[in-house]
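J.: What follows is a single structure, and I will ask about it in a moment.
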Amino acid sequence: LQTQTQTELLNTDPLFFLSTLTAAERPVLRSSTADYSILERIGEGSFGKVLKCQNLKNNKTVAVKIIKDANGQCLF
Numbered sequence: 001l002q003t004q005t006q007t008e009l010l011n012t013d014p015l016f017f018l019s020t021l022t023a024a025e026r027p028v029l030r031s032s033t034a035d036y037s038i039l040e041r042i043g044e045g046s047f048g049k050v051l052k053c054q055n056l057k058n059n060k061t062v063a064v065k066i067i068k069d070a071n072g073q074c075l076f
C-alpha cells in the first residue's frame, strides 16, 4: 500500500457491519448507522478484506474492514 493509504487506514476508526451487499451499479454496503458505496478493494488478509468506501450521507471516504465468517468467507 502507498504511504498515504497506510496512514489513512491507521487513522480510521474500525467499522463493523451486520448487513449484506445489494446489487447496484456501484455496490452499496448497508449498516444500521449508514450506507456506504464501495469504491474499491484495497487489501485482503487472513481475517478479512479492507474496502475503500464513501459514506452516502456525508460523502466522506472511509476504510471498512469486512471480517471473514466462521467458514473463512467474506460477504462478497
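Numbering follows UniProt numbering, with no gaps: position 55 of the sequence shown is 55. Yeah, the Cβ is synthetic: ideal placement off N, Cα and C, and Gly gets one too.
1. Looking only at C-alpha atoms, which of Ser37, Ser31 and Gln73 sits nearest to Cys25?
2. Using the rule of at least 16 other Cβ atoms within 10 Å of the residue's Cβ for burial, across every protein chain shown, is Ala70 buried or exposed?
3. Could you give the DSSP three-state label for Leu56: helix, strand or coil?
4. Taking just the CA atoms, how far does Cys74 sit from Ala34?
5. Suppose you measure from the CA of Lys60 to the CA of Leu39; what does that come to, to the nearest Å?
T.: Considering the structure as presented:
1. First, the amino acid is wrong: residue 25 is Glu here, not Cys. Checking every option, the nearest Cα to that of Glu25 belongs to Ser37.
2. exposed
3. coil
4. 20 Å
5. Pairing Lys60 with Leu39, the inter-Cα distance amounts to about 12 Å.
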